[in-house]
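Just so we're aligned, residue 1 is where the sequence shown starts under full-length UniProt numbering, counting upward by one. The beta carbon of each residue, even a glycine, is placed where N, CA and C say it ideally should be.
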Amino acid sequence: MLPATKVHVSTTLQETSWVFSSNADPAITHPFFFDQEKFLAEAKDLHGITVVVDKKSTVLRLYGNNHNIEAAEKFLAKSEVSLQTSVQIPSRGVQACPVCFELPEEPFPIQCGHIYCSACLKSQCEAASKFPVLCLGDVDTCKTAIDLWDLRCVLSGVTYERLLQSAFKLHTTTHFHELRFCSTPDCYTVYLPSHFDPPAADIFYCDTCLAATCMSCNAPEHQGLTCGASAASRDGAAEFDNWMRENGAHFCPKCSVPIQKAEGCNNVFCQSCATFICWLCMQPFSHASDVLLHIIDDHEDSEDSEDSEDSEDFVA
Numbered sequence: 001m002l003p004a005t006k007v008h009v010s011t012t013l014q015e016t017s018w019v020f021s022s023n024a025d026p027a028i029t030h031p032f033f034f035d036q037e038k039f040l041a042e043a044k045d046l047h048g049i050t051v052v053v054d055k056k057s058t059v060l061r062l063y064g065n066n067h068n069i070e071a072a073e074k075f076l077a078k079s080e081v082s083l084q085t086s087v088q089i090p091s092r093g094v095q096a097c098p099v100c101f102e103l104p105e106e107p108f109p110i111q112c113g114h115i116y117c118s119a120c121l122k123s124q125c126e127a128a129s130k131f132p133v134l135c136l137g138d139v140d141t142c143k144t145a146i147d148l149w150d151l152r153c154v155l156s157g158v159t160y161e162r163l164l165q166s167a168f169k170l171h172t173t174t175h176f177h178e179l180r181f182c183s184t185p186d187c188y189t190v191y192l193p194s195h196f197d198p199p200a201a202d203i204f205y206c207d208t209c210l211a212a213t214c215m216s217c218n219a220p221e222h223q224g225l226t227c228g229a230s231a232a233s234r235d236g237a238a239e240f241d242n243w244m245r246e247n248g249a250h251f252c253p254k255c256s257v258p259i260q261k262a263e264g265c266n267n268v269f270c271q272s273c274a275t276f277i278c279w280l281c282m283q284p285f286s287h288a289s290d291v292l293l294h295i296i297d298d299h300e301d302s303e304d305s306e307d308s309e310d311s312e313d314f315v316a
């Protein structure tokens, strides 16, 4: 059962304000003021009064002589009780838009069942900074990802393309161990790697930059050479390894991207795969706080030693 809606009536010489209290159920107050115009029209016709609806404050103002106003008050109060009874069950199907909390204008239902104003859903998606865009229904507790088809229906082509790029970035970041990027720098085409050496390994021909890439070692196509021989013959490979050693750089333990720590603490974040790393032992973690606890528990002596060496170098 819904809580009974309280009605407060204040009377001046020629004006009465009939107000729903703030604890009234929105499923009752909104239909009464915005959808139940027949009650207001009937009050006008039967009792010869003027009714002014203040939607923002959810207030009805009744104008007329005192006798007619009192009769209209009783009629509206009775109508409100009747409405409350009639909508106790169906009103639960009347959903407020999760963004503006009003009855949806140009209602747009999404896959999880919540209904938005088309304009509100569009604004929410346009303001989204990351993918997926989550439903705000049930006072922001639904958290269901809004379907791409729903997004396509409400967004412009440019905004939808931006969200697709975010979705692509999220997918490649979370599935980095399954995918590889084209070997051409700044080309973001991905493919599934092969686990065989040539000649069994396939060659990936990129539709974007037209480069041919060995799907086993992710290097440019190397006909007649094994992946190992090709790697040994490539210019700069040995020099890069030397640079890594000389500059204290490491490969990310998850995605193998080279990382150099120029300064700061030993809690390092890999931008490529969104992994937190202990720089002292290169162990990966999901959260920065886990790295800090790990360093305190397992590397406290190492941290103190590094601080001491840094202090001595500074004094010298």
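Cα-Cα separation, residue i to residue j
| i | j | result |
| --- | --- | --- |
| C125 | F181 | 28 Å |
| T275 | L192 | 22 Å |
| P107 | S166 | 27 Å |
| T112 | E102 | Checking the sequence shown, residue 112 turns out to be Cys, not Thr. Answer to the nearest angstrom: the Cα atoms are 19 Å apart. |
| S233 | E161 | 41 Å |
| V99 | C153 | 18 Å |
| T139 | F131 | A small fix is needed here, since residue 139 is Val in this sequence, not Thr. So the two alpha carbons sit approximately 20 Å from each other. |
| V52 | Y116 | 28 Å |
| H287 | H222 | 40 Å |
| L163 | L179 | 20 Å |
| D297 | G228 | 40 Å |
| V291 | K143 | 28 Å |
| C217 | P109 | 47 Å |
| C281 | W243 | 20 Å |
| I277 | L155 | 38 Å |
| S118 | E105 | 7 Å |
| T184 | D301 | 43 Å |
Enclosing beta strand (DSSP E) for residue i [first to last residue]
| i | result |
| --- | --- |
| Y205 | I203 to Y205 |
Residue i - containing alpha helix (DSSP H), residue span
| i | result |
| --- | --- |
| T159 | G157 to T174 |
| C227 | C227 to S233 |
| residue 317 | The question about residue 317 has no answer, for the chain in this structure spans 1 to 316. |
| C217 | Looking at the DSSP string, C217 is not in any alpha helix (DSSP H), and its letter there is neither H nor E. |
| C278 | No alpha helix (DSSP H) holds C278; the beta strand (DSSP E) holding it covers T275 to C278. |
| G137 | G137 to D140 |
| D150 | L148 to V154 |
DSSP three-state assignment for residue i, whether helix, strand or coil
| i | result |
| --- | --- |
| F285 | strand |
| A43 | helix |
| H294 | helix |
| H299 | coil |
| H177 | coil |
| F251 | strand |
For residue i: DSSP bridge partner residues
| i | result |
| --- | --- |
| P107 | C117 |
| V52 | R61 |
| A145 | L134 |
| T208 | Partner(s): none; T208 has no beta bridge. |
| Y191 | R180 |
C-beta neighbour in chain B for residue i, strict 7 Å
| i | result |
| --- | --- |
| S118 | Reference to chain B is not applicable here, since this structure consists of a single protein chain. |
inquiry  = Would you call the stretch 167–180 in contact with the stretch 257–275, where contact means no fewer than 3 C-beta pairs closer than 8 Å?
reply    = In short, these stretches touch, since the Cβ pair count reaches three.
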